[in-house]
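Colleague:
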Amino acid sequence: MSFERWWMLLFAPLPLVWWGFALRRTGRRLGLALKALSLLAVILALAEPSLDVWETKVAVAVLVDTSASVSGQDLEKASGLVETLERARGRHWMRVFPFAGSVRDLAPSEVAGKVRLQLTGGDGGRATDMESAIRDAIGSAPAGMVPRVVMISDGKENRGSVLRAAWQARRLGVPVDTFALSGKARPALRLETVTLPPVVFSGERFAIEMVVSSPAAGQAGVELAAEGKSLGSSQVRLQAGENTVQVQANIGAAGALELTGRVRSPEHGEVSFARAITLRKPRLLLLSQDPPGSGVNLRRALDAAQFEIVELASPPPGGFDPYQIVVFNNWDLEALAPATKADLEAFVQQGGGLFVIGGEKNIYVENKEAGRCVGPDAAGESPAPPSPEGTLVDLIIDKSSSMEGKKMELAWLAAIGVVENLRPIDMGGAGFDNCSSGRCRSARPRTGRFGSNGWWRASRRMAQRRSRPL
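Under our numbering, think of the first position of the sequence shown as 1249, with each following residue one higher.
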């Protein structure tokens, strides 16, 4: 037994002295003795006595490091230690906690028969937080038992502070026993620099450039992940010395995300990185002259493509620089002011996107004088170089009753113009209306000029008739 305020024991003889002095003057000896004992108990309570009692039942929390820095041989050793502790457990309480970035429960495959611990998968397996593991282990001990922690790890922490956790465990009187694992050997690869844009658009492909130093030539795998979800992997060839490795990524989400990457070589180990990247939706300017409420489906399609939509009734006077794409829906481009046409042409030349949706306000004028609504680059009159792999063109032609007459003739003429410019390596197909039930009638894609389908011969005869004015 020990006393926090031992000096209070100096007053302990006073009740006894008082009892002996008062005993001569009173006959109520029992009451006098009770009073003296009460005063003595008060003095002992003020001295704050404490008694250390050893419990016979111990609660042991076994922490096993299953992070990526632990090798397969280490896991076998840790599994053997756990089995040894289990056999020696007896009447005591014991629980095993695998941990990496956080503590997890044992998987069913790890406790089927003999204990066979496995590495923690995903992004959480690439971290080692010993501080949070010790805290969780201490908190898991049942009440009324003596807590004890057993730590099996290679000690290579990259989160938290094990020193702080050990100090807290000492303050709580919880001993921490350790078993050291060898861990994986230090990788021979070295990641010198990682370069990626801090801000990109959601859905946009962006480049990630890494400079990796390798002691010798060999193959390596590159893996990328965002918030723990894999973005893909690829194989690269490393040479001895510094290598510039560039990969492409595409993330459809928006907001601030953690982008992680890993370069792994079977001969030289692996290196990894983690960077924060901000993704925001591209801004889209929608200029529509459709009646109010008629563009619901268009808005839904643009929302599904993760655009930040700004809808205006007229082109902005300050130009189109705040936007990444401009959509004209049922807009008479001939009515645009010259200054607006110049701004639009400059916007496209600088990399902006232009999308035009036709409608009843786009009027076809026969025998129209040569001219352009906007400049040649914005109008798309400079054809892109043909692809050496060939091009697949799918024509969707409305042949409902609203297309009767000159509209259908113009549609066939436009289709013929597209097909006549196909090369032998190109592919073509055509789709028609009747898609309300989800079953569109379509022509089978053919090579070159579509072959001699009946609908194609009919379209040529229709296109060769004399055009009637609308």
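Think of the CB as a built atom: it goes at the ideal place given N, C-alpha and C, for glycine as much as any other residue.
Taking the alpha carbon of Leu1411 as the point to measure from, which residue in Ala1381, Ala1522, Ala1391 and Ala1501 has its own alpha carbon closest?
Modeller: Taking only the C-alpha atoms, the option nearest Leu1411 is Ala1381.
Colleague: According to DSSP, is Pro1446 helix, strand or coil?
Modeller: Pro1446 falls in the coil class under three-state DSSP.
Colleague: For Arg1697, collect the residues of the same chain with a Cβ closer than 8 Å to its Cβ; drop the 5 residues on either side in sequence, then sort them by chain order.
Modeller: In this prediction, Arg1697 scores a pLDDT of 39, lower than 50, which makes its location untrustworthy; no coordinate-derived value is stated.
Colleague: Any contact of the segment 1290–1310 with the segment 1333–1348, i.e. 3+ C-beta pairs under 8 Å?
Modeller: Yes, the segment 1290–1310 is in contact with the segment 1333–1348.
Colleague: Take the Cβ of Ser1513 as the centre, count every other Cβ of all protein chains shown within 10 Å, and call the residue buried at 16 or more, exposed below.
Modeller: Ser1513 should be labelled buried.
Colleague: With Met1399 as the anchor, note down where its beta strand (DSSP E) starts and where it stops.
Modeller: That run of the beta strand (DSSP E) goes Val1394 to Ser1401.
Colleague: The alpha helix (DSSP H) spanning Arg1335 covers which residue range?
Modeller: It spans Gly1320 to Arg1335 - the alpha helix (DSSP H) in which Arg1335 sits, taken as one unbroken run.
Colleague: Below 8 Å on the Cβ atoms is my contact criterion, and I expect Val1575 with Leu1640 to pass it. Report the Cβ-Cβ distance as a whole number of Å.
Modeller: About 24 Å; that fails the 8 Å criterion.
Colleague: Using the rule of at least 16 other Cβ atoms within 10 Å of the residue's Cβ for burial, across every protein chain shown, is Gly1349 buried or exposed?
Modeller: Classification of Gly1349: buried, given that the 10 Å Cβ count is 16 or more.
Colleague: Does the beta-carbon of Asn1498 have 16 or more other beta-carbons within 10 angstroms, so that it is buried, or is it exposed?
Modeller: The residue is exposed, with fewer than 16 neighbouring Cβ atoms inside 10 Å.
Colleague: For Glu1457, count the other beta carbons within 10 Å of its own beta carbon; 16 or more makes it buried, fewer makes it exposed. Which is it?
Modeller: Counting Cβ neighbours within 10 Å, Glu1457 comes out exposed, since fewer than 16 surround it.
Colleague: Rounding to the nearest angstrom, what Cα-Cα distance links Gly1466 and Glu1440 in this structure?
Modeller: Going by the C-alpha atoms only, they are around 18 Å apart.
Colleague: For Leu1280, collect the residues of the same chain with a Cβ closer than 7 Å to its Cβ; drop the 5 residues on either side in sequence, then sort them by chain order.
Modeller: For Leu1280, where only same-chain residues beyond five positions count, the Cβ hits under 7 Å are Trp1267, Ala1270, Leu1271 and Thr1274.
Colleague: Please state if the CB of Asp1313 and the CB of Ser1430 are separated by a distance shorter than 8 Å.
Modeller: Result no, Cβ atoms of Ser1430 and Asp1313 do not sit closer than 8 Å.
Colleague: Pick out whichever of Trp1255, Ser1315 and Met1393 has its Cα sitting closest to the Cα of Gly1241.
Modeller: In the structure as shown, the chain starts at 1249 and stops at 1718, and residue 1241 therefore has no counterpart that could be examined.
Colleague: For Gly1387 and Asp1300, I'd like the C-alpha separation in whole angstroms.
Modeller: Taking the straight line from one Cα to the other gives about 22 Å.
Colleague: Would you kindly report the start and end of the unbroken beta strand (DSSP E) that includes Ala1497?
Modeller: It spans Gly1489 to Asn1498 - the beta strand (DSSP E) in which Ala1497 sits, taken as one unbroken run.
Colleague: Give the straight-line distance between the Cα atoms of Met1656 and Gly1370, rounded to the nearest whole angstrom.
Modeller: Whole-angstrom Cα-Cα distance: 57 Å.
Colleague: CA-CA distance, Lys1477 and Gln1554?
Modeller: Those two C-alpha atoms are separated by around 19 Å.
Colleague: If you scan the segment 1533–1595 from start to end, which runs of the beta strand (DSSP E) of 3 or more residues do you find wholly inside it?
Modeller: The qualifying runs are 1556–1560 and 1573–1577.
Colleague: Should the segment 1358–1367 be regarded as contacting the segment 1277–1292, the criterion being three or more beta carbon pairs within less than 8 Å?
Modeller: No, because fewer than three Cβ pairs between the segment 1358–1367 and the segment 1277–1292 fall closer than 8 Å, the two stretches do not touch.
Colleague: When you compare the segment 1445–1455 with the segment 1533–1550, are there three or more beta-carbon pairs, one atom per stretch, that lie closer than 8 Å?
Modeller: The answer is no - the segment 1533–1550 does not touch the segment 1445–1455, with fewer than three Cβ pairs under 8 Å.
Colleague: Between Ala1428 and Thr1332, what straight-line distance do the alpha-carbon atoms span, to the nearest angstrom?
Modeller: In a straight line, the C-alpha of Ala1428 is about 16 Å away from that of Thr1332.
Colleague: Label Arg1716 either buried or exposed according to how many other C-beta atoms from any shown protein chain fall within 10 Å of its C-beta, with 16 as the threshold for buried.
Modeller: For Arg1716, the predicted model reports a pLDDT of 32, less than 50, meaning its position is unreliable; a value from the coordinates is still stated below. Exposed.
Colleague: Rounding to the nearest angstrom, what Cα-Cα distance links Leu1287 and Pro1263 in this structure?
Modeller: Computed Cα separation, rounded: 6 Å.
Colleague: Assign Val1290 to one of three DSSP states: helix, strand, or coil.
Modeller: If DSSP states are grouped into helix, strand and coil, Val1290 belongs with the helices.
Colleague: Under the DSSP definition of a beta bridge, which residues are partnered with Ile1525?
Modeller: DSSP output for Ile1525 lists Leu1505 as bridge partner(s).
Colleague: From what residue to what residue does the alpha helix (DSSP H) around Arg1374 run?
Modeller: First-last for Arg1374: undefined, no H or E at that position.
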